[in-house]
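Numbering (this note's numbering), first residue to last: 5 to 487. Glycine included, each C-beta is placed from N, C-alpha and C at the ideal position. Report on the following structure.
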Amino acid sequence: MPINPLRTLHGKFTLSLSILIVIMMTGLSYWTISREKGLMEKSIIREGKSLVESFAISCTNTMLYEEIGLVEEGGLLDNYITDLIQRKDLHVVYAMILDPKGKALAHNSIMEVGNVYRDESAEKSITSWNTVLQYPSESILDISTPLAISTKRWGTLRIGISLDPLNREISGLIWKYIVYTAGFIIIAIAMVTLLSGVIIKPLRLLSREMDETKPGDDPPQLPSPRQDEIGTLQKSFHRLLKRVKEDEREKERTQRNLLQTEKMAAVGKLTAGVAHEINNPLGGLLNCIYHFKRGGQSPERQQEYLQLMEDGIKRIQKTVTNLLEYARTPRLERSATDFNSIVEKSLSLLDYPIRKNHIEVSKDISCQLPSIEVDRNQMAQVFVNIFLNAIQAMEEGGVLKIGARTLDERLIMTISDTGKGIREDALPKVFDPFFTTKGEGRGTGLGLWITQGIVERHGGTIQLSSQEGKGTTVEIQLPLPKK
Ligand SMILES: Nc1ncnc2c1ncn2[C@@H]1O[C@H](COP(=O)(O)OP(=O)(O)O)[C@@H](O)[C@H]1O
Ligand SMILES: [Mg+2]
């Protein structure tokens, strides 16, 4: 069965390593990027501030000189603004000098000169007596400083520095970390794949070996035992196989012994039965012979004795024939057989007694039964014996139910009747040879014994359950060929 790739060791290793790498790299990137960003921002602020403050000194001087008429108005301030805008180290996007009311005295864009700035950030710039840092938008750092000497103020120098290069550098860094993370994951997968070659491949080999080894097989030869944990596992598996094999042998030995004991017991029962079955009529025969020897009987009486002698000899003959029958057919001639046809054949043989006893036959046979490899004639004998017992138990009529189904590679057949049933104390003896409750001349007591022998030779089991006065059920289980 294919395993979900995420459930394999390989999959689990790869997944957990990837997650670990992503978490570690995200943490690391976050930390380094924010640190980097902070450092860069600080350096821009430092440089911007010192730039603005150094220009402010020149601007203040110029404005002071202008006021006292030492220099001409206008020209110098514009030069400073142009200088500021042309700085290469910082991206100055605007630079302006505002008078205390917010009016632009100089501006890098000529169109803005004379405009009055009254927005919130301009207000803050022109009123503060210190250098002010502001972020009017995400990508602009606004730095302003007063142009003043002591309490005398001429205006404010204000510049805007673009933060775009910084942001670009940061997103470049983020991308770099994403690429690193992906690279690490690829390396991790490659490493896990390599490792799985070293760890998982021998495990797979061992697992295949386990699958292919059947209980009782000799342990396969170890190629070259490894010196690691997998080697230990291999050795344990081989020890387990050895133990299983030993257990198997022990079980076989015990079973053989048990079988021998059972056989001896069966032979004992059989001998006792045969002795009884033959001794009884022999006694009768001897009795008749004794009377004949004495002589003096009427011809009618003699005729009666002769009849009794014939009956006795016939009984002995029947017993011996039955025994021979059983002894003669120990070999099975198996052929693929359809269960239904055996049942039909056996029922047709018993057509007369079934009708005579007014018995209703009901069949519940699964139509998907596979054909079974059995000895057809012997199996028919099994069914005839069981049906006959059922018919004989239903002298006043009843229902004979025949069912068959498959379960876990076994064919299960049940035959039940609504006859007089079996007394509880007789139930354990019904499979014994010569056990019968049917009286002289009617039953031989060999039917179920023979039946059990045939079923067991087919590798099956037979069980009988019964309730006195209600009926009897016989269940036969036969193994089905493995697919
Ligand atoms: N279906 C049945 N209903 C009642 N009794 C049964 C049934 N099958 C078997 N028996 C009992 O088991 C005994 C042994 O059966 P069997 O071995 O077939 O010998 P027999 O039929 O010659 O007596 C029967 O004598 C009977 O008492
Ligand atoms: Mg019988």
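Item to complete: Specify, as a first and last residue, the run of the beta strand (DSSP E) that T12 falls within.
Response: No beta strand (DSSP E) holds T12; DSSP gives it neither H nor E.
Fill in: Beta-carbon proximity of L484 to E413, cut-off 8 Å
yes
Worksheet item: Looking at L210 and ligand 2, is the gap between the Cβ and the nearest heavy atom below 7 Å?
Response: no
Worksheet item: Shortest alpha-carbon distance to K360 belongs to which of N83, E399, G464, E479?
Response: E399
Worksheet item: Comparing the CB of D421 with every heavy atom of ligand 1, is any distance shorter than 7 Å?
Response: yes
Discussion item. Using a 10 Å radius around the Cβ and a threshold of 16 neighbouring Cβ atoms, would you call S470 buried or exposed?
Written reply: buried
Discussion item. At the level of alpha carbons, what is the spacing between S350 and R247?
Written reply: 48 Å
Worksheet entry | Whole runs of the alpha helix (DSSP H) within the region 371-433, excluding any shorter than 4 residues | 380-397
Discussion item. Nearer than 7 Å: is that true of the beta carbon of N393 relative to any heavy atom of ligand 2?
Written reply: yes
Worksheet item: For V136, which three-state DSSP category applies?
Response: strand
Item to complete: Could you tell me whether the region 122-141 touches the region 90-105, where touching means 3 or more Cβ pairs closer than 8 Å?
Response: yes
Discussion item. Restricting to Cα atoms, I'd like to know which of L210, P437, K92 is closest to L327.
Written reply: P437
Item to complete: Measuring alpha carbon to alpha carbon, tell me which of I234, L404, V478, G443 ends up nearest T455.
Response: V478
Worksheet item: DSSP three-state call for K105: helix, strand or coil?
Response: coil
Worksheet item: To which residues does DSSP link D146 through a beta bridge?
Response: Q138, G164
Worksheet item: When DSSP labels each residue in this structure, what does T30 get in the three-state scheme?
Response: helix
Practice prompt. Would you give the residue range spanned by the alpha helix (DSSP H) that S470 belongs to?
Written response: First-last for S470: 465-471, but that is the beta strand (DSSP E), not the alpha helix (DSSP H).
Worksheet item: Leaving out five residues before and five after Q301 in sequence, what residues of the same chain have Cβ atoms less than 7 Å from its Cβ?
Response: H295
Item to complete: State the CB to CB distance for the pair Q382 and I458, rounded to an integer number of angstroms; the pair is presumed to be in contact (CB under 8 Å).
Response: 5 Å
Discussion item. Any heavy atom of ligand 1 inside 7 Å of the beta-carbon of I369?
Written reply: no
Practice prompt. Would you mind working out which of L290, K322, I23, I193 sits nearest V278, comparing C-alpha positions?
Written response: K322
Discussion item. Check whether chain E comes within 8 Å of L328, counting only Cβ atoms and requiring the distance to be less than that.
Written reply: Looking for chain E here will not work: only one protein chain is present.
Discussion item. By the DSSP assignment, the beta strand (DSSP E) with I369 in it spans what residues?
Written reply: 363-369
Worksheet entry | Three-pair Cβ contact test at 8 Å for the region 76-91 versus the region 56-66 | yes
Worksheet item: For L137 versus I144, is the C-beta spacing smaller than 8 Å?
Response: no
Item to complete: For S339, name the three-state secondary structure that DSSP assigns.
Response: strand
Fill in: Proximity to L21 [Cα-Cα], best of A194, A408, N389
A194
Practice prompt. Compute the minimum distance between the beta carbon of G277 and the heavy atoms of ligand 2, and state whether it is under 7 Å.
Written response: no
Worksheet entry | Distance CB(H111)-CB(I165) smaller than 8 Å | no
Worksheet item: For the beta strand (DSSP E) that E116 lies in, which residues bound it at each end?
Response: Where E116 is concerned, there is no enclosing beta strand (DSSP E), given that its DSSP letter is neither H nor E.
Discussion item. Alpha carbons only, please: which of T155, I190, V388, A192 is nearest the one belonging to L131?
Written reply: Before going on, a small fix: residue 131 reads as Thr here, not Leu. Considering only alpha carbons, the answer is T155.
Fill in: Nearest neighbour of E1, chosen from Q90, W158, G15, Y139 [CA to CA]
The first residue shown for the chain is 5 and the last is 487, placing residue 1 beyond what the model contains.
Worksheet item: Just to confirm, are F4 and L452 a CB contact at a threshold of 8 Å?
Response: Here the chain comprises residues numbered 5 to 487, so residue 4 is not present and cannot be evaluated.
Practice prompt. Write down the C-beta distance between L312 and C292 rounded to the nearest angstrom, noting that I regard them as a contact closer than 8 Å.
Written response: 6 Å
Discussion item. Going by C-alpha to C-alpha distance, which of E337, F343, S345, L286 sits closest to K318?
Written reply: L286
Discussion item. My output table needs one value for K180: the three-state DSSP class, helix, strand or coil.
Written reply: helix
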